[in-house]
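Chains as they are written, first to last, in my numbering: chain C, 5 to 117; chain D, 1046 to 1159.
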């Protein structure tokens, strides 16, 4: 059973471009979380998704950021018109529906130049 | 909404010293509590978790944590740290109700010198 897979591991974008980060959850997991990690700030919750449904997006910036978790395929975190401040490590975690621990992917390190 | 507070930002210890990392949470209902560890350059891994039952939970690598409901705390402990415990430690809370997200504290960096 493969773990949570995130790709790409590293992504470089110029200011104004779009960034697409992918997360394939563990087999049988229907819930996905996205977090942003910056030095000195820890893991900041962004969005909590179920297949075809956003459960909690209270941590998502109001503009330029969106997330989806379609019925088929990976969850996508999309950042439009990236700015330097978007540079960070973005982690995805997945879990089954029942209360249990979340399993983390290796993260995508986004660098905006 | 739930929140998590970790008191220590950076802890420096010598090998064999005892460790206690503080974690307090805020949530108005039943919670599930977690400690995760992130070794340098790696992803987060679960150390231990509390859902119900015995408030003293034991995890991997000799770590344990105690849930004190009256204090809204879930402190992490290890009697004798090793150099290999150098990592960042995150406390997390998830409300027991469906639809509540998993929320993390800001983390504590532990540096162990040999």
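Ideal placement from N, C-alpha and C gives every residue a C-beta, glycine not left out. None of the values given here were measured: they were computed from a predicted structure.
Around the C-beta of residue 1120/D, 16 or more other C-beta atoms lie within 10 Å, and the residue is accordingly described as buried.
Straight through space, the alpha carbons of residue 1140/D and residue 1079/D are spaced by roughly 11 Å. Per the DSSP secondary-structure output, residue 46/C pairs in a beta bridge with 42/C.
45, 46, 47, 49, 52: these are the residues of the region 42–56 of chain C whose beta carbon lies less than 7 Å from some beta carbon of chain D, given in chain order.
Here residue 1158/D is near residue 1059/D, since their CB atoms are less than 7 Å apart. Look at residue 1094/D: its C-beta is under 7 Å from a C-beta on chain C. Proximity of the region 20–39 of chain C to the region 70–90 of chain C meets the contact definition, three or more beta-carbon pairs being nearer than 8 Å. By the beta-carbon neighbour count (other beta carbons within 10 angstroms, threshold 16), residue 1066/D is buried. Cβ contact annotation for residue 40/C (same chain, cutoff 7 Å, sequence separation greater than five): 48, 50, 92, 94, in chain order. The C-alpha of residue 37/C is placed about 9 Å away from the C-alpha of residue 99/C.
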